[in-house]
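One structure is given here, and the rest of the page talks about it.
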Amino acid sequence: MLSLRAFKTLPEEKRLAYNEPRLDCHSRLVIVATPTVRNVFTTGRRLVLLNRHQISGRRGLMVTGQAGTGKTTAIAQLGRSHELLVRKRLGPAAAGRLPVVYVTVPPRATPKMLAIEFARFLGLPVVRQETQTSITNAVCDLLIKMRVELALVDEIHNLNLATQAGAEASDQLKYLSERIPAIFVLAGIDVAASGLFNGVRGQQIAGRYTVTDTEPFAYGTTAQRQNWRNLIASLEDALRLHRHKPGSLVKLDGYLHERTDGAIGSLSQLVRGAALEAIINGSEAITRKTLETIEVDQTAEDARQEHRRNRRPCRRRPDADAA
């Protein structure tokens, strides 16, 4: 960061070049050590150690909750932290290893589609005529060879056990978890409500996985409000704006909770969007006026309208006064 004085003297061409890495910086998601991130890391790390010498019946972790509550961020941070620990512990011996694999379950997933997602992450070429069995075998052989320890599977709610394809994809996932000596971490939206724990297959899943629920940040008690302010402060510390007054975002904690309904994904979108706008329009600061110009996801917008309706005072009926 240049000083404000030096920034003001930049000619337009150099200012554009100077702004580009700042725009890139604010477009990235800031990882904050929220309670969800800490819980997922602690539980995941413990499961990795517990299952280190398990031959079969390895236990896994399932992260579930509403959209925008940090599920993907939490499992991605778990994967990143685990890989760094492995490479630090093994040093040069970690060369050629792949400690973590990450895939997303596609909509209306079939067993073959699930195997292809793993192959795509690994960079394995797949031709249309190739069978599900051959793709699965190639994926398993390579993951075993590369000593994978953690398999992150996102968007697990896309598995619909009520359909034959979904049930078979669930069986495929169970087979992969048995054959690959890794801890499987699943993440999805309201998994219990989607029926993933129903029936015989669902009971098998429920019996193997520890479930961690993610929730929006509450704003009722003093402690809850302080946790929300700490989250805002962490995002504010990451800003790279020349005229932004430190602490001004934290003072808007109530407004920010109303705008986002406590969802960290919505809050991140709102703050980062406002930071980008502040650089583009030259204001170099985030104010409530700036935040008002930034649209967030529809779920957060609907929640905001609901809060406003609930705060609206009830009007007395004229006939009630007469009575």
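Residue 2 is where the sequence shown starts when you use the numbering used here, and the numbers rise one by one after that.
Using N, Cα and C, we set each Cβ at its ideal position, and we do this for glycine too.
Roughly how many whole angstroms lie between the Cα atoms of residue i and residue j?
i	j	result
Leu-174	Ala-304	36 Å
Gly-208	Gly-71	24 Å
Val-127	Leu-153	21 Å
Ala-323	Gly-274	Any reading at Ala-323 must be qualified, since the residue scores a pLDDT of 47, below 50, and its modelled position is unreliable; the value itself is stated next. Rounded to the nearest angstrom, the two C-alpha atoms are 52 Å apart.
Asn-282	Ile-190	37 Å
Ala-321	Gln-306	Because the pLDDT at Ala-321 is just 47, under 50, the model does not fix this residue reliably, and the value given afterwards should be weighed accordingly. Going from the Cα of Ala-321 to the Cα of Gln-306 covers about 28 Å.
Met-2	His-243	8 Å
Glu-302	Glu-293	12 Å
Leu-197	Tyr-176	16 Å
Ile-157	Asn-311	35 Å
Leu-79	Pro-247	30 Å
Ser-235	Arg-6	26 Å
Ala-276	Ile-287	6 Å
Arg-109	Glu-179	23 Å
Ala-77	Gln-130	33 Å
Thr-300	Ala-94	47 Å
Nearest to residue i by alpha carbon, out of the options?
i	options	result
Ala-168	Tyr-220, Ile-136, Glu-150 and Val-201	Val-201
Asp-298	Ser-267, Glu-278, Leu-277 and Thr-134	Ser-267
Pro-107	Ala-301, Leu-115 and Arg-241	Leu-115
Arg-260	His-245, Ile-281 and Glu-296	Glu-296
Ser-28	Thr-294, Arg-310 and Val-272	Val-272
Ala-68	Gln-227, Glu-216 and Arg-226	Glu-216
Lys-290	Gly-92, Gly-263 and Leu-250	Leu-250
Lys-9	Arg-309, Val-33 and Ser-284	Ser-284
Arg-53	Leu-151, Val-31, Pro-12 and Asn-20	Leu-151
Pro-182	Cys-141, Ala-34 and Val-192	Cys-141
On the three-state DSSP scale, how would you describe residue i?
i	result
Phe-42	helix
Ile-184	strand
Gly-189	strand
Glu-219	Checking the sequence, you will find Ala at residue 219 rather than Glu. Of the three classes helix, strand and coil, the one that applies to Ala-219 here is coil, per DSSP.
Val-272	helix
Leu-115	helix
Ala-34	coil
Asp-325	What the structure shows of the chain is the stretch from 2 to 324, and residue 325 is not part of that stretch, so it cannot be assessed.
Thr-132	coil
Is residue i near the ligand ATP, going by C-beta to nearest heavy atom under 7 Å?
i	result
Ile-190	Although the ligand ATP was asked about, the structure shown includes no ligands whatsoever.
Task: Runs of beta strand (DSSP E) lying entirely within the segment 45-99, each at least 3 residues, in chain order - done: Runs found: 61-66.
- [ ] Mind the definition here: the segment 139-147 touches the segment 95-107 only if three or more C-beta pairs lie below 8 Å; say whether that holds.
- [x] Touching, per the Cβ criterion.
- [ ] Answer yes if the segment 209-222 comes into contact with the segment 32-50, meaning at least three C-beta pairs across the two stretches below 8 Å, and no otherwise.
- [x] Contact between the segment 32-50 and the segment 209-222 is present, with at least three C-beta pairs closer than 8 Å.
Open item on the list: Using 8 Å as the cut-off, can you tell me whether the segment 25-44 makes contact with the segment 232-242, which would need three or more C-beta pairs spanning the two stretches below that distance?
Closed with: Contact holds: three or more Cβ-Cβ distances are below 8 Å.
Open item on the list: Which complete alpha helix (DSSP H) runs does the segment 236-268 hold, if anything under 4 residues is left out?
Closed with: The segment 236-268 contains these whole alpha helix (DSSP H) runs: 254-261.
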